[in-house]
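Here the sequence shown stands for residues 2 to 256, where the numbers follow our numbering.
Heads up, the beta-carbon is just placed ideally off N, CA and C, and yes, glycines get one too.
Remarks on the structure that follows.
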Amino acid sequence: MHDRTSPDPVTYLGYPICSSLSQRNLAFQQLYNNIQQCIHIHSQRNLSIRGRATVLNTLIFSKLWHVMRNFIFTRAQLLSLRRLGSFFINFRIFPKLSFRTLQQPRHHGVLQVLDPIVQQQALQWRWICPLILAACHSPLLPTYTTPSIPLLQYSLQWYFHSTAFSDYFYYLLFPAARQTIWFQHRPSPHQAFLNILTNVITTMDRIPRSFTTCHLDFHAGLSLLFTTAQLMFSQNMDVLFWEHRCSHEHIDVLI
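Laid out in structure tokens, this is it:
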């Protein structure tokens, strides 16, 4: 029987299932050692810099992409994996290229190396996009054939159920609302290292959003926190200011 007192995590279909922080750290260390060994092997090959970038994205980091969607990595751990990739590309070349340069697109003449930090968030889009389409009643929803989406919706509805807010999207869209007083079932921050929903929430926070084109009904407007409503109001006022200024400048030119 496996529980949080077990020294090793359980591996199912290549995904580590962890019940404690020590199991999570051990699972990451095993993955780190595996990638490090692959880098050591491929470093002996006579590859061009572009060839190294292709090998890194498709062969070495492929082990990472497999588990990243359903596993919690800390930022420090992702940075260590990024340093491994940078070491592999810069092996025996001078001057060294920064990782920011390495990840620039190929049509700019660079290598387009995948960043583990950005890729972790990109992989979450597979879950987030159907959730957004379902909330908007979009006709594009049937194009996503992800069997686990209903289970994810059920989990979100349970953890982020609130008597103050009508939908769990309030928790996802507005960081200021993430308080235990409104969401009594929200996972404890002390257990965030085991909560796979942390990846979804972090990715939602990174999605650019603008309140200048949104439309709220009366109930939704009253449900918003004051800080969020103030942000929406300030963005709309900025747009109105520039529209007003541009219209006056246009009139001055005509006169």
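- Segment contact: the stretch 114 to 128 against the stretch 139 to 153, three or more CB-CB distances shorter than 8 Å; contact assigned.
- Segment contact: the stretch 162 to 171 against the stretch 84 to 98, fewer than three CB-CB distances shorter than 8 Å; contact not assigned.
- Beyond the five residues adjoining it in sequence on each side, Leu80 comes within less than 8 Å, by CB distance, of Ile118 in the same chain, given in chain order.
- When only Cα atoms are considered, Ser7 and Gln24 end up about 8 Å apart.
- For Pro148, the three-state secondary structure derived from DSSP is coil.
- By a beta-carbon distance limit of 8 Å, Arg83 contacts Phe100. Their separation comes to about 6 Å.
- Separation of Tyr33 and Leu27 (C-alpha to C-alpha, rounded to the nearest whole angstrom) is 10 Å.
- For the pair of segments examined, the stretch 41 to 55 was found not to touch the stretch 173 to 180: the number of CB pairs separated by less than 8 Å stays below three.
- Non-local C-beta neighbours of His186 in its own chain, meaning closer than 8 Å and more than five positions away in sequence, comprise Trp159, Tyr160, Phe161 and His162, ordered along the chain.
- In this structure, the alpha-carbon of Thr164 lies about 7 Å from that of Trp183.
- Within 10 angstroms of the beta-carbon of Pro190 lie fewer than 16 other beta-carbons, which makes it exposed.
- The continuous stretches of beta strand (DSSP E) do not include Val114, and DSSP gives it neither H nor E.
- As a beta-bridge residue in DSSP terms, Val11 pairs with Ile18.
- Counting the other Cβ atoms within 10 Å of the Cβ of Asn200 gives 16 or more, which makes it buried.
- In the three-state scheme derived from DSSP, where H, G and I count as helix and E and B as strand, Asn34 is classed as helix.
- Around the beta-carbon of Ile73, 16 or more other beta-carbon atoms lie within 10 Å, marking it buried.
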